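There are 2 protein chains.
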Amino acid sequence: MSYVPTLINLVINNYLMEIPSFKLNGRIWIEIAEEKVLGHGRVELLERIHASGSIRQAALQMKMSYKQAWDLVNHMNDGFKQPLVISKRGGKGGGVALLTPFGLEIIGEFKDLQKKFSQFLERNSKK
Amino acid sequence: MSYVPTLINLVINNYLMEIPSFKLNGRIWIEIAEEKVLGHGRVELLERIHASGSIRQAALQMKMSYKQAWDLVNHMNDGFKQPLVISKRGGKGGGVALLTPFGLEIIGEFKDLQKKFSQFLERNSKK
DNA sequence: TTTCGTTATATTTTAAAAAACACAACGCAA
DNA sequence: TTGCGTTGTGTTTTTTAAAATATAACGAAA
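Below is the structure:
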């Protein structure tokens with residue numbers, strides 16, 4: 004900095020320097036080929052698809068449009084080499100979607116990471 | 004889940020279950036009273052204000068509007084109890100903005116946290 | 001072979017976020 | 001006392017993201 008007015012220098016010395024308590028928060032996600040393929044929201048979507056057997060029901064529960072949910076699923080299936088979700092249209096119930104063993108594995112992996120991260124955030128917050 | 008077609012069950016067993024290598028990425032930020040007050044972008048803004056002595060120059064360097072930069076600074080000063088930036092208009096150069104000792108302290112704190120976080124991300128990526 | 005509810009996909013509309021624009025206030029220096 | 005470049009603030013416009021709408025394809029079951 005090239006110029007510091009003397010008056011301001013006087014003013015700023017009236018403030019304390021102790022850092023107040025704060026909460027550290029954040030988000031983590033998995034990237035493959037520099038692209039985000041899995042995060043908090045997508046994992047919740049996968050879990051709800053697993054529980055309901057339906058992309059549409061999962062989307063409704065999360066208050067997102069079916070299109071958005073489908074796009075996310077599609078993007079995940081593309082990002083990983085293997086599908087996390089397999090779906091079929093027509094038939095009993097109109098159609099069905101379910102998780103592959105690989106998809107279930109990925110969910111578990113992410114939840115492990117998320118747990119470690121939550122501990123990190125807790126440890127590094129200032130009480 | 005209530006219904007799993009046998010055909011699909013056969014299909015999904017053809018996929019492997021090993022988790023591929025991935026990069027864990029993420030962001031952290033500081034919250035006070037449930038509100039985000041400091042993150043990656045704001046810290047960069049503070050550093051550029053410190054280096055240039057000007058909110059406008061810092062904004063230009065980061066390709067954001069002056070208004071946005073000013074709003075961010077204002078929000079930070081509000082969020083923490085004390086100002087991180089003090090500014091003055093008029094006079095030589097048209098005006099000036101500079102960091103308080105408290106602002107500098109906060110930058111240091113966040114960079115420490117960010118460093119730890121980067122190590123966390125590195126440790127938990129899968130090679 | 002008709003009905004049903006879902007998957008799959010494209011298009012349109014709406015809402016939110018970001019950027020752009022405009023201008024008063026300020027105080028040093030010429 | 002005038003000019004200058006910045007701070008400070010509100011308003012308008014543009015861009016982007018999200019939501020809503022529409023519609024074909026599908027296959028089990030009645």
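Those protein sequences? They're chains A and B, same order as listed. Going by our numbering, the first residue of the first sequence is number 4, and it counts up by one from there. Going by our numbering, the first residue of the second sequence is number 4, and it counts up by one from there. Glycine included, every Cβ here is placed at the ideal spot set by N, Cα and C. Everything numeric in this text was worked out from a predicted model, so none of it was measured.
Nearest-angstrom Cα distance between residue i and residue j?
i          : j          : result
Glu-112(A) : Lys-70(B)  : 42 Å
Leu-102(B) : Glu-38(B)  : 22 Å
Gly-56(A)  : Lys-84(A)  : 22 Å
Ile-110(B) : Gly-106(A) : 40 Å
Gly-97(A)  : Ile-22(B)  : 32 Å
Ile-31(B)  : Phe-120(B) : 8 Å
Glu-87(A)  : His-78(A)  : Residue 87(A) is actually Leu in this sequence, not Glu. Taking the straight line joining both Cα atoms gives about 10 Å.
Gly-82(A)  : Glu-34(A)  : 9 Å
Arg-45(A)  : Leu-75(A)  : 7 Å
Ala-61(A)  : Glu-108(A) : 19 Å
Lys-130(B) : Ala-72(A)  : 29 Å
Leu-41(A)  : Gly-29(A)  : 15 Å
His-53(A)  : Ala-36(A)  : 26 Å
Arg-59(A)  : Gly-94(A)  : 15 Å
Ser-68(B)  : Leu-48(B)  : 12 Å
Leu-116(A) : Asn-127(B) : 7 Å
Arg-51(A)  : Ile-89(A)  : 14 Å
Lys-66(B)  : Ala-100(B) : 18 Å
Asn-80(B)  : Lys-114(B) : 19 Å
Arg-92(A)  : Gln-64(A)  : 20 Å
His-43(B)  : Phe-25(B)  : 23 Å
Glu-125(A) : Lys-118(A) : 11 Å
Pro-104(B) : Phe-123(A) : 28 Å
According to DSSP, simplified to helix, strand and coil, what is residue i?
i          : result
Glu-21(B)  : coil
Asn-127(A) : coil
Leu-107(A) : helix
Thr-9(B)   : Confidence at Thr-9(B) is low in this model, with a pLDDT of 46, below 50, so the placement of that residue should be treated as unreliable; the coordinate-derived value is given next. Residue state, collapsed to three classes: helix.
Leu-75(A)  : helix
Lys-84(A)  : coil
Ser-121(B) : helix
For the beta strand (DSSP E) that residue i lies in, which residues bound it at each end?
i          : result
Lys-26(A)  : 26–35
Leu-101(B) : 98–102
As an exercise, report each continuous beta strand (DSSP E) stretch of at least 3 residues that is fully enclosed by the region 41–69 of chain A, in chain order.
Within the region 41–69 of chain A, no beta strand (DSSP E) run of at least 3 residues lies entirely inside it.
Contact residues within the region 20–32 of chain B, judged by C-beta distance below 7 Å to chain A
Here the close residues are Met-20, Ile-22, Pro-23, Phe-25, Lys-26, Leu-27, Asn-28, Gly-29, Arg-30, Ile-31 and Trp-32.
Where the region 52–77 of chain A meets chain B: residues whose CB sits under 8 Å from a CB there:
Interface annotation for the region 52–77 of chain A against chain B: His-53, Ala-54, Ser-55 and Gly-56, criterion Cβ-Cβ distance under 8 Å.
Pull out every residue of the region 33–53 of chain A whose Cβ sits closer than 7 Å to any Cβ of chain B, in chain order.
Those would be Ile-33, Glu-34, Ile-35 and His-53, in chain order.
Check each residue of the region 103–118 of chain A: if its Cβ is closer than 7 Å to any Cβ of chain B, include it; give the result in chain order.
Residues passing the 7 Å Cβ filter: Thr-103, Pro-104, Phe-105, Glu-108, Ile-109, Glu-112 and Leu-116.
Taking a cut of 8 Å between CB atoms, which residues from the region 83–103 of chain A lie near chain B?
Per Cβ criterion, the list reads Phe-83, Lys-84, Gln-85, Pro-86, Ile-89, Lys-91, Gly-94, Lys-95, Gly-96, Val-99, Leu-101 and Thr-103.
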